[in-house]
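In structure tokens form, the structure reads like this:
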């Protein structure tokens with residue numbers, strides 16, 4: 220119910236419950252002469268059954284102070300913000316001389332009415348943290364902890380889905396009591412890295428008794444330089460998307476999607492007990508709405524060693540293998556790529572991805588496409604990559620936005636009309652839906668997922684094409700490739716991709732190997748289903764498969780794709796003496812050789 224607390228007076232409530240997910244015009248007015256307080260709520264949609272409008276009056280025994288800051292969605296309890304509001308607020312106003320319902324309607328519709336003291340228009344400056352007072356009084360403000368903007372307002376009528384074109388219909392901000400941008404922790408210590416430190420992934424190792432903690436550091440070469448022909452592109456955008464994800468405790472269907480009992484690790488337990496570290500883009504706010512903004516300016520507890528074999532920890536399989544094989548490499552990150560674009564990649568003969576580069580900004584995708592189109596070699600060691608479009612903020616460091624629009628494998632679904640990102644105005648969602656399916660870049664795109672058992676590859680006839688001979692040097696014609704590994708027990712699994720000419724797989728691409736023996740726990744991706752039916756799992760759907768691909772690109776470049784998240788988990792088997800390791804080394808050694816590959820011009 221709507222309740223007003225006025226100074227030291229007893230709170231005044233309408234006593235009528237507001238309907239969830241419905242817009243109301245709510246107001247509180249005070250007559251200083253009579254000391255009367257009026258609190259009212261008026262729904263914008265009247266069902267005509269059990270009305271939820273109300274207006275209550277009360278005489279106050281003490282005057283209301285007017286000093287101090289004006290706050291929305293929380294109040295100050297003397298120490299910090301408290302009593303946070305969960306929900307949308309649109310068009311807040313402060314005025315004098317208005318107490319009747321008609322006056323309130325007029326103020327809502329005409330913020331520049333002569334009685335207006337302040338009128339904040341949240342549809343202005345949507346991309347930033349500042350809010351504008353349009354009354355002329357100059358009572359401008361700012362948001363804290365990045366409540367969600369570019370939200371449909373009370374007057375949104377579905378006539379426009381792009382807030383850039385009709386901002387007046389996007390005057391709402393969605394506040395959450397668990398929004399978090401920057402923890403703001405004080406600096407406890409600093410670490411000075413040696414100037415000659417080799418590029419790579421390092422950690423600060425903290426210990427206290429039996430407790431330990433790791434703080435990862437990505438060391439790249441000096442800007443504009445390189446120290447190796449190979450670059451490992453660390454998918455930090457995807458790390459941020461999954462940062463502190465709590466799906467195991469919040470998803471009711473976690474066990475159904477994984478095909479096994481949910482098992483909490485130390486990070487899961489800690490985040491369950493200490494929710495103040497923020498969430499991932501897979502989680503829900505406390506009011507049930509999806510998490511749209513994620514920040515790295517907080518402890519990211521699942522981005523470190525000794526955690527689940529996913530994202531960062533899975534990618535350490537790759538760096539471990541590179542070190543074991545003595546292959547020189549530089550480490551660069553998505554954050555660098557977004558800032559520097561193609562110039563970051565150009566010094567390298569070959570760029571290799573991590574296991575799951577799922578989230579990409581437009582700048583990042585443009586840069587990788589330009590790289591492969593100008594002679595660069597790309598080794599895609601993962602799956603479900605280049606899948607979602609995201610946005611970095613141009614002014615606020617360390618924060619990323621994601622809208623789960625239209626389709627795809629999603630932890631939640633963006634509301635209608637809220638598909639366009641607030642940071643840059645771009646349409647969010649799948650890159651496939653935006654005309655840039657990953658098949659056009661790496662030859663394959665996301666086709667299935669399952670999280671209990673992985674599968675092995677077998678060579679296809681195309682693997683004996685002379686163009687692919689270097690890939691399978693030392694590999695037998697009938698060898699089962701990767702029937703071992705730390706991720707599901709084999710090299711093809713967790714999430715897998717397949718080729719599809721209709722989605723942009725180059726016509727000259729060779730599908731050199733494939734994995735098809737997946738259990739029923741693997742399911743075909745929903746964005747490809749036109750209708751519900753039963754032939755969607757590893758037992759019944761031929762599209763639940765994993766294709767290994769190779770193709771040449773212009774100016775002597777090439778692309779090699781394993782199209783499996785689990786691939787890297789097989790690299791170290793038998794002390795690195797295995798066919799997954801051999802194929803990977805064959806490809807890397809050829810790709811860092813500057814001799815042109817193939818006949819593409």
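Numbering (the numbering used here), first residue to last: 220 to 820.
Glycine included, every Cβ here is placed at the ideal spot set by N, Cα and C.
| Which same chain residues, not among the five before or five after residue 370, have their C-beta less than 7 Å away from its C-beta? | Shown here for residue 370: same chain residues with a beta carbon closer than 7 Å to its own, the five before and five after excluded, namely 307, 389, 391, 392, 393 and 637 in chain order.
| Close Cβ partners of residue 491 (< 6 Å) along its chain, the five nearest in sequence each way excluded | Around residue 491: 468.
| task | Return the chain-ordered list of same chain residues with a C-beta closer than 7 Å to the C-beta of residue 550, the five sequence neighbours on each side being excluded. | result | Setting aside the 5 residues that flank it on each side, residue 550 is surrounded in the same chain by 418, 419, 420, 437, 438, 439, 451 and 453, each with a C-beta closer than 7 Å to its C-beta; the list follows chain order.
| task | Please name the residue, chosen from 348, 360, 251 and 685, that lies closest to residue 614 on a Cα-to-Cα basis. | result | If we check each option's Cα against that of residue 614, 348 comes out closest.
| If you draw a straight line from the alpha carbon of residue 722 to that of residue 327, how long is it in whole angstroms? | Across the structure, residue 722 and residue 327 are spaced so that their CA atoms are roughly 48 Å apart.
| field | Assigned secondary structure, residue 877 (DSSP; H/G/I helix, E/B strand, else coil) | value | Residue 877 is absent from the structure shown; the chain starts at 220 and stops at 820.
| query | How long is the line joining the alpha carbons of residue 719 and residue 663, rounded to whole angstroms? | reply | Approximately 7 Å between the Cα atoms of the pair.
| message | Just to confirm the assignment, what range does the beta strand (DSSP E) spanning residue 674 have? | response | Run containing residue 674: 663–674, per the beta strand (DSSP E) assignment.
| Which listed residue (351, 355 and 265) has its alpha carbon closest to that of residue 362 | Answer by Cα proximity: 351.
| task | In angstroms with no decimal places, state the Cα-to-Cα distance between residue 286 and residue 295. | result | Going from the Cα of residue 286 to the Cα of residue 295 covers about 13 Å.
| message | So, at 6 Å on beta carbons, what are the nonlocal neighbours of residue 368 in its own chain, with the 5 sequence-adjacent residues on each side left out? | response | So the qualifying residues of the chain are 345, 392 and 641.
| Opposing strand residues paired with residue 439 [DSSP bridges] | According to DSSP, residue 439 bridges with nothing at all.
| query | In three-state DSSP terms, what is residue 361? | reply | It is a strand residue.
| query | So, helix, strand or coil for residue 803, using DSSP? | reply | Reduced to three states, the DSSP call for residue 803 is helix.
| request: For residue 327, name the three-state secondary structure that DSSP assigns. | output: Reduced to three states, the DSSP call for residue 327 is helix.
| query | Based on Cα-Cα distance, which residue from 372, 397, 458 and 633 lies nearest to residue 385? | reply | Ranking the options by Cα distance to residue 385, first place goes to 372.
| request: Would you be able to state if there are at least three C-beta pairs under 8 Å between the segment 691–702 and the segment 796–809? | output: The segment 796–809 vs the segment 691–702: in contact.
| task | Quick one: using the 10 Å Cβ neighbour count with 16 as the cut-off for buried, is residue 423 buried or exposed? | result | Counting of Cβ neighbours within 10 angstroms places residue 423 among the exposed residues, the total staying below 16.
| task | In angstroms with no decimal places, state the Cα-to-Cα distance between residue 788 and residue 511. | result | So the two alpha carbons sit approximately 31 Å from each other.
| request: Starting from the C-beta of residue 400, find all residues in its chain whose C-beta is less than 6 Å away, skip the five residues before and the five after it, and write them out in chain order. | output: Closer than 6 Å at the Cβ level, and outside the excluded window around residue 400, lie 364, 365 and 514.
| Among 595, 435 and 701, the one whose alpha carbon lies nearest that of residue 517 | Relative to the Cα of residue 517, the nearest Cα in the group 595, 435 and 701 belongs to 435.
| said: To the nearest angstrom, how far is the alpha carbon of residue 405 from that of residue 488? | reply: Near 25 Å, if we compare the C-alpha coordinates of residue 488 and residue 405.
| query | Between the C-alpha atoms of residue 300 and residue 339, what's the straight-line distance to the nearest angstrom? | reply | A direct Cα-Cα distance of roughly 20 Å separates residue 300 from residue 339.
| said: Under DSSP, the alpha helix (DSSP H) around residue 734 begins and ends at which residues? | reply: From DSSP, residue 734 is part of no alpha helix (DSSP H) but of the beta strand (DSSP E) over 729–734.
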